[in-house]
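Data first, discussion second: the structure below is written as structure tokens.
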Amino acid sequence: MGDFLEIAALTDVGNVRQFNEDSLGIDAGAGVVVLADGMGGHRAGEVASGMATETIIAAVRVAAPAFDSRDGERQPRTVLAQGIERANAAIHEAGRADVRRRGMGTTLACAIFHDNGIIYAHVGDSRIYRLRDATLSLLTRDDSLLRDQVDLGVISAEEARHSHNRSLVTRALGIEAEVRAHLASEPVQPGDVYLLCSDGLNDLVDDADIELIVIKLGANLPLAAQHLVQAAKDNGGLDNVSVILVRVRAPFAAASPSAWQRLRRLVATWWRR
Amino acid sequence: MAKLVLSRDGAIAAQRFLDATPLTIGRDPASDIVVDDARIAAVQARVVAVGHDYILEAVVGGSITVNGSPCARRILQHGDVADLADYRLKYVDARASSPIDLERTMLIPGLARVVGEEGAAPPPAVPSSRSANTRFPMGRIEWLAGAHRGSQRTLDRVVDTFGTPGIGVVVVTRRPHGFFATHVEGEDFPRVNGRSLGTEPCALASGDVIEVAGETLRFTQL
Numbered sequence: 213m214g215d216f217l218e219i220a221a222l223t224d225v226g227n228v229r230q231f232n233e234d235s236l237g238i239d240a241g242a243g244v245v246v247l248a249d250g251m252g253g254h255r256a257g258e259v260a261s262g263m264a265t266e267t268i269i270a271a272v273r274v275a276a277p278a279f280d281s282r283d284g285e286r287q288p289r290t291v292l293a294q295g296i297e298r299a300n301a302a303i304h305e306a307g308r309a310d311v312r313r314r315g316m317g318t319t320l321a322c323a324i325f326h327d328n329g330i331i332y333a334h335v336g337d338s339r340i341y342r343l344r345d346a347t348l349s350l351l352t353r354d355d356s357l358l359r360d361q362v363d364l365g366v367i368s369a370e371e372a373r374h375s376h377n378r379s380l381v382t383r384a385l386g387i388e389a390e391v392r393a394h395l396a397s398e399p400v401q402p403g404d405v406y407l408l409c410s411d412g413l414n415d416l417v418d419d420a421d422i423e424l425i426v427i428k429l430g431a432n433l434p435l436a437a438q439h440l441v442q443a444a445k446d447n448g449g450l451d452n453v454s455v456i457l458v459r460v461r462a463p464f465a466a467a468s469p470s471a472w473q474r475l476r477r478l479v480a481t482w483w484r485r
Numbered sequence: 015m016a017k018l019v020l021s022r023d024g025a026i027a028a029q030r031f032l033d034a035t036p037l038t039i040g041r042d043p044a045s046d047i048v049v050d051d052a053r054i055a056a057v058q059a060r061v062v063a064v065g066h067d068y069i070l071e072a073v074v075g076g077s078i079t080v081n082g083s084p085c086a087r088r089i090l091q092h093g094d095v096a097d098l099a100d101y102r103l104k105y106v107d108a109r110a111s112s113p114i115d116l117e118r119t120m121l122i123p124g125l126a127r128v129v130g131e132e133g134a135a136p137p138p139a140v141p142s143s144r145s146a147n148t149r150f151p152m153g154r155i156e157w158l159a160g161a162h163r164g165s166q167r168t169l170d171r172v173v174d175t176f177g178t179p180g181i182g183v184v185v186v187t188r189r190p191h192g193f194f195a196t197h198v199e200g201e202d203f204p205r206v207n208g209r210s211l212g213t214e215p216c217a218l219a220s221g222d223v224i225e226v227a228g229e230t231l232r233f234t235q236l
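Each protein sequence line maps, in turn, to chains A and B.
So for the first sequence, this note's numbering puts the first residue at 213; every next one is plus one.
So for the second sequence, this note's numbering puts the first residue at 15; every next one is plus one.
Take a look at the structure:
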């Protein structure tokens, strides 16, 4: 997958906070990227977000070599869902076991690239955007009180700019024994750029400016990542800010399993019986 | 704890902490904040709490003037003043009086959704809270040579790029403390005042001349 995707990532503590509780995980070979924004006192947020990225990356890394084209997105989707479940359980358990980590949790945005498609998931207010044909689109719906208020028409999107509710998320990984993540998928096109970010970016930088930076600097993805983070800091940098940019360089249809692979699988299935 | 302070001619008429909401505001003596003026409705407005916000809303169909502008609803900000006939109602929030909001991320229950869980057409996303108190300078680029000779462009966005993709492109970045030039792509590294740009951004000063992919540009900070 590494040949078909170009990936740039950056995380920064910001201007105000003492610690960076965001974590990033990337495995270009397996075609997986994970971003998590942790919460909880005593630096527990760092622990939670780190557990989320490591658990999900590990789950996909193990499973990715066996992905093939026969059933499209089903395998990666299952693997992603299982990785999220596993991460949730691990964080939840660690939070129960250690009083200093009680109630720790993390938001999540993650994606697997497979067979000319993206399979993505999120929990909380970390976001996934797609830039295609010079237009930025938000693919995820924040699990946040503010988003609920806007959806219900209690306040307008413009009024939401003035709300103090930005820090209130309605769903996070690790809080309860089970979590419902939002999973979705779509076909990708060469030239698409996907952006995963923590709320430290989109709380401070307008979508129009995010779009402009990715369009203008898309030819130099590390520079684009650096400019996004810098823009958030220039606008206050009140939170940790993290970005992962993934550009689709070329089509990446999954190979059909070879006769040898099919035979091996058949033998394995037969053997298990 | 946030509170509302009702005053008339500079004298405090009533104070009310926002510990229990909703609160009603009106002429009715049963109101939480009684505004004793014939021009005020029995119930003129109310204050509801949602998360960390207190929202002042006029009764259905009505309007209320906050900071001189009529509105149906306002997410109260520290220092807001509502006009109620001869009275002024001021919102004071000690916690939010600091210019930056350092509230840490917290988990709370979501609001009941009317639409299906995974709705078909997403409403507009929540925009940034980008503060207006960061001042960004303005700049201008003039073409001194090349195909666009004589034309100008205002630098009023976070980034703008110049040059030719594949050959040489420079980005001019607008930051609070000035403008910076950085090489983006191409074999042809842009030059500022004759010196080739390295990988680091170069601070621009008025009058600087940028050369990129056969174009010559002059930068001016306005």
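Even glycine gets a Cβ: it sits at the ideal position worked out from N, Cα and C.
What you are looking at is a predicted structure, and each value in this text was computed from that prediction instead of being measured.
If you scan the stretch 52-90 of chain B from start to end, which runs of the beta strand (DSSP E) of 3 or more residues do you find wholly inside it? Fully enclosed beta strand (DSSP E) runs of 3 or longer: 59-64, 67-72, 78-80, 83-85 and 87-89.
Which residues in the same chain have their Cβ closer than 6 Å to the Cβ of residue 352 of chain A, if we skip the five residues on either side of it in sequence? Working through the first sequence from its first residue, we reach residue 352 of chain A at position 140. Annotation for residue 352 of chain A: 334, 339 and 340 place their beta carbon closer than 6 Å to its own, counting only its chain and skipping 5 residues before and after.
Bridge partner(s) assigned by DSSP for residue 385 of chain A: Stepping through the first sequence from its first residue, residue 385 of chain A is reached at position 173. Answer is A:318, bridged to residue 385 of chain A.
Among A:403, A:289 and A:304, which has the Cα closest to the Cα of residue 387 of chain A? Position 175 of the first sequence, counted from the start, is the residue given in the question as residue 387 of chain A. Taking each of A:403, A:289 and A:304 in turn and checking the Cα distance to residue 387 of chain A, the smallest one comes out for A:304.
Under the three-state DSSP convention, the category residue 120 of chain B falls into: Start at 1 with the first residue of the second sequence, and residue 120 of chain B comes out as number 106. In this structure, residue 120 of chain B counts as strand in the three-state DSSP scheme.
Do you know how far the Cα of residue 229 of chain A is from the Cα of residue 24 of chain B? For the purposes of this step, residue 24 of chain B is identified with residue 10 of the second sequence, where counting begins at 1. For the purposes of this step, residue 229 of chain A is identified with residue 17 of the first sequence, where counting begins at 1. Rounded to the nearest angstrom, the two C-alpha atoms are 40 Å apart.
Determine the DSSP secondary structure at residue 233 of chain A, reduced to helix, strand or coil. Looking up residue 233 of chain A in the first sequence gives position 21. Assignment of residue 233 of chain A by DSSP, reduced to helix, strand and coil, places it in the coil class.
Output, in sequence order along the chain, the residues in the stretch 289-315 of chain A whose CB is closer than 9 Å to any CB in chain B. Hits within the stretch, in order: 315.
Nearest-angstrom Cα distance between residue 243 of chain A and residue 236 of chain A? Translated into the one-based positions of the first sequence, residue 243 of chain A becomes position 31. Translated into the one-based positions of the first sequence, residue 236 of chain A becomes position 24. Those two C-alpha atoms are separated by around 14 Å.
Do residue 455 of chain A and residue 223 of chain A have their C-beta atoms within less than 9 Å of each other? For the purposes of this step, residue 455 of chain A is taken as residue 243 along the first sequence, with counting starting at 1. For the purposes of this step, residue 223 of chain A is taken as residue 11 along the first sequence, with counting starting at 1. Here residue 455 of chain A is near residue 223 of chain A, since their CB atoms are less than 9 Å apart.
Listing by chain order, which chain B residues have their CB less than 7 Å from the CB of residue 371 of chain A? For the purposes of this step, residue 371 of chain A is identified with residue 159 of the first sequence, where counting begins at 1. The answer, in chain order, is 89.
For residue 233 of chain B, decide whether its Cβ has a neighbour in chain A, counting only Cβ atoms nearer than 9 Å. Here residue 233 of chain B corresponds to residue number 219 of the second sequence, with the count starting at 1. Nearest CB-CB separation between residue 233 of chain B and chain A: not below the 9 Å threshold.
Tell me the rounded alpha-carbon separation between residue 180 of chain B and residue 465 of chain A. Against the second sequence, residue 180 of chain B aligns to sequence position 166. Against the first sequence, residue 465 of chain A aligns to sequence position 253. Inter-residue distance for residue 180 of chain B and residue 465 of chain A is about 28 Å (C-alpha atoms, whole angstroms).
Since residue 261 of chain A is in the beta strand (DSSP E), which residue starts that stretch and which ends it? Locating residue 261 of chain A in the first sequence gives position 49, where the first residue counts as 1. Per DSSP, residue 261 of chain A belongs to no beta strand (DSSP E); it is in the alpha helix (DSSP H), 256-275.
Helix, strand or coil for residue 310 of chain A, going by three-state DSSP, please let me know. Reading the first sequence from its first residue, position 98 is the one you call residue 310 of chain A. In the structure shown, residue 310 of chain A sits in coil (DSSP, three-state: anything other than H, G, I, E or B).
Within 10 Å of its beta-carbon, does residue 209 of chain B have 16 or more other beta-carbons around it, so buried, or fewer, so exposed? Position 195 of the second sequence holds residue 209 of chain B. Burial state of residue 209 of chain B is exposed, judged by a 10 Å Cβ sphere holding fewer than 16 other Cβ atoms.
When DSSP labels each residue in this structure, what does residue 399 of chain A get in the three-state scheme? As a first step, residue 399 of chain A is located in the first sequence; it is residue number 187 there, counting from the start. The DSSP-derived three-state label of residue 399 of chain A is strand.
With C-beta atoms as the reference, is residue 234 of chain B less than 9 Å away from residue 156 of chain B? Here residue 234 of chain B refers to the residue found at position 220 of the second sequence. Here residue 156 of chain B refers to the residue found at position 142 of the second sequence. Here residue 234 of chain B is near residue 156 of chain B, since their CB atoms are less than 9 Å apart.
Mapping DSSP to helix, strand and coil, what is residue 24 of chain B? Locating residue 24 of chain B in the second sequence gives position 10, where the first residue counts as 1. The answer is coil: DSSP assigns residue 24 of chain B none of H, G, I, E or B.
From the beta carbon of residue 454 of chain A, is the nearest beta carbon of chain B less than 9 Å away? Start at 1 with the first residue of the first sequence, and residue 454 of chain A comes out as number 242. Look at residue 454 of chain A: its C-beta is not under 9 Å from any C-beta on chain B.
Measuring straight from C-alpha to C-alpha, what distance separates residue 313 of chain A and residue 184 of chain B? Residue mapping note: residue 313 of chain A aligns to position 101 of the first sequence, counting from 1. Residue mapping note: residue 184 of chain B aligns to position 170 of the second sequence, counting from 1. So the alpha carbons of these two residues sit roughly 47 Å apart.
Residues bridged to residue 156 of chain B [DSSP beta-bridge criterion]: On the second sequence, position 142 is the one that residue 156 of chain B refers to. Residue 156 of chain B pairs with B:166 and B:232.
Can you tell me where the beta strand (DSSP E) holding residue 334 of chain A begins and where it ends? Locating residue 334 of chain A in the first sequence gives position 122, where the first residue counts as 1. Run containing residue 334 of chain A: 329-335, per the beta strand (DSSP E) assignment.
Collapsed DSSP secondary structure at residue 305 of chain A in the structure displayed: On the first sequence, position 93 is the one that residue 305 of chain A refers to. Of the three classes helix, strand and coil, the one that applies to residue 305 of chain A here is helix, per DSSP.
Would you verify that the beta carbon of residue 155 of chain B is, or is not, closer than 9 Å to some beta carbon of chain A? In the second sequence, the residue the question calls residue 155 of chain B occupies position 141. Residue 155 of chain B does not count as touching chain A.
According to DSSP, what are the bridge partners of residue 29 of chain B? Start at 1 with the first residue of the second sequence, and residue 29 of chain B comes out as number 15. Residue 29 of chain B is bridged by DSSP to B:19.
Less than 7 Å between C-beta atoms, sequence neighbours within five positions excluded: which residues of the same chain meet that for residue 222 of chain B? By one-based count along the second sequence, residue 222 of chain B stands at place 208. Result list for residue 222 of chain B: 206, 207 and 233, in chain order.
Can you say whether residue 275 of chain A is buried or exposed, counting buried as having 16 or more other CB atoms within 10 angstroms of its CB? Here residue 275 of chain A refers to the residue found at position 63 when the first sequence is read from its first residue. Buried.
Segment contact flag, the stretch 41-49 of chain B with the stretch 67-79 of chain B, C-beta cutoff 8 Å, min 3 pairs: Short answer: they don't touch.
Less than 9 Å between CB atoms is the rule here; does residue 425 of chain A satisfy it with respect to chain B? Locating residue 425 of chain A in the first sequence gives position 213, where the first residue counts as 1. Interface residue, yes.
Going along chain A in order, which residues have a C-beta closer than 8 Å to the C-beta of residue 189 of chain B? Against the second sequence, residue 189 of chain B aligns to sequence position 175. Simply 442 and 446.
Going by DSSP in three states, residue 444 of chain A sits in which element: helix, strand or coil? The sequence position of residue 444 of chain A within the first sequence is 232, counting from 1. It is helical.
In this structure, what does DSSP give as the bridge partners for residue 210 of chain B? Translated into the one-based positions of the second sequence, residue 210 of chain B becomes position 196. Beta-bridge annotation (DSSP): residue 210 of chain B is paired with B:205.
Through-space distance from residue 15 of chain B to residue 395 of chain A, alpha-carbon basis: Residue numbering aside, residue 395 of chain A sits at position 183 when the first sequence is read from its first letter. Residue numbering aside, residue 15 of chain B sits at position 1 when the second sequence is read from its first letter. When rounded, the distance between both Cα atoms is 40 Å.
Quick check on DSSP: helix, strand or coil for residue 347 of chain A? Counting from one through the first sequence, the residue named residue 347 of chain A turns up at place 135. In the three-state DSSP reduction, residue 347 of chain A falls in the strand class (E or B).
Can you say whether residue 382 of chain A is buried or exposed, counting buried as having 16 or more other CB atoms within 10 angstroms of its CB? On the first sequence, residue 382 of chain A is found 170 positions in, with the first residue counted as 1. That one is buried.
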